[in-house]
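Asker: Under my numbering, the first residue of the sequence shown is numbered 29, with each subsequent residue one higher. Quick one: the structure is below, and I'll ask about it shortly.
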Amino acid sequence: MNVTEAILSRKSVRAFLDTPIPHDTLRDILSTASHAPSNSNIQPWLVRVVTGETLEQLKSVMRARATVPPQFDEPAYPIYPDALAEPHQTRRAMCAERQYGAVGIGREDHEGRLRYVYRNMQCFGAPAALFTFIEDGMGPSQWADLGIFLQTVMLLLREAGIDSCAQISWCRFATTIGELLDVPKNWTLYCGLSIGYRDPDAPVNAIVADRAPLEDFAKFLS
């Protein structure tokens, strides 16, 4: 698989098979991903990989928190701006509607939508999860570096035939995750990444996200 194939075949998979991923595979991928670029080679990332009994413990804790109304921690950071401008708000809404539609959750079923969100906290059935953290006090450049690192991990997973789903929603449980995974208190959870093989029969995995045409975001000047 070349880089283009990895990019075009990567998608946010939201239903996984329980087929385990060998630890050696994950170790090799993370070792390679550490070569991702970062400003002045700061490498501002911290990673926790969770499988087996630890993952089951994490899921159990999350099931107890999956209530209505929700029992979120104080968010680690704002997921979206208070007023998300267009066309970004429309894109976000369309993404959500496609997911809810694929699993049969109606527009007015607010509790059903919340329950669907809680599936993030069960890693969508994936056998492995990865959590990334950034040290307190880091700035926008370091957050961008962390995003580049995460994208590198996801593309290397695709090269290995493995799927993933990056989940910013974990930041609503940042304090809980930090305590469970023995993360130093001066490190902030960025996001989680569910890792596994996609369930080919799950309707939600048939969703293909639209992308804006090149002309909408790029201008060539000469």
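In this text, a Cβ means the ideal position worked out from N, Cα and C, and glycines have one as well.
How is the alpha helix (DSSP H) around G80 delimited, first residue to last?
Answerer: Position 52 of the sequence shown holds residue 80. Where G80 is concerned, the enclosing alpha helix (DSSP H) starts and stops at 80–93.
Asker: Can you give the beta carbon distance from A156 to V96, rounded, assuming they're within the 8 Å contact cut?
Answerer: In the sequence shown, the residue the question calls residue 156 occupies position 128. In the sequence shown, the residue the question calls residue 96 occupies position 68. Rounded, the Cβ-Cβ distance is 29 Å, inconsistent with contact.
Asker: So, are the CB atoms of I205 and W198 less than 8 Å apart?
Answerer: Locating residue 205 in the sequence shown gives position 177, where the first residue counts as 1. Locating residue 198 in the sequence shown gives position 170, where the first residue counts as 1. Yes, the Cβ-Cβ distance between I205 and W198 is below 8 Å.
Asker: Can you list, in chain order, the residues of its chain whose CB lies under 8 Å from that of K87, leaving out five sequence neighbours each side?
Answerer: The residue you call residue 87 lines up with position 59 of the sequence shown. Result list for K87: M149, Q150, C151, in chain order.
Asker: Within a Cβ cutoff of 7 Å, which residues of the same chain sit near F177, ignoring the five residues on either side of it in sequence?
Answerer: Sequence index remark: in the sequence shown, residue 177 carries index 149 (1-based). Result list for F177: A61, A64, W73, in chain order.
Asker: Quick check on this structure: which residue in T180, A246, G129 has the alpha carbon closest to the alpha carbon of P231?
Answerer: Here residue 231 corresponds to residue number 203 of the sequence shown, with the count starting at 1. Closest option to P231, Cα to Cα, is G129.
Asker: Which whole-angstrom value describes the C-beta separation of G224 and A154, a residue pair presumed to lie in contact below a C-beta threshold of 8 Å?
Answerer: Here the question's residue 224 lines up with position 196 in the sequence shown. Here the question's residue 154 lines up with position 126 in the sequence shown. The Cβ separation is near 4 Å, so the contact holds.
Asker: Please state if the CB of A34 and the CB of L208 are separated by a distance shorter than 8 Å.
Answerer: In the sequence shown, counting from the first residue as 1, residue 208 sits at position 180. In the sequence shown, counting from the first residue as 1, residue 34 sits at position 6. No, Cβ-Cβ distance for L208 and A34 is not below 8 Å.
Asker: Report all residues from its chain with a CB closer than 6 Å to the CB of F201; omit the five preceding and five following residues, and keep chain order.
Answerer: Here residue 201 corresponds to residue number 173 of the sequence shown, with the count starting at 1. Excluding sequence neighbours, F201 sits near D101.
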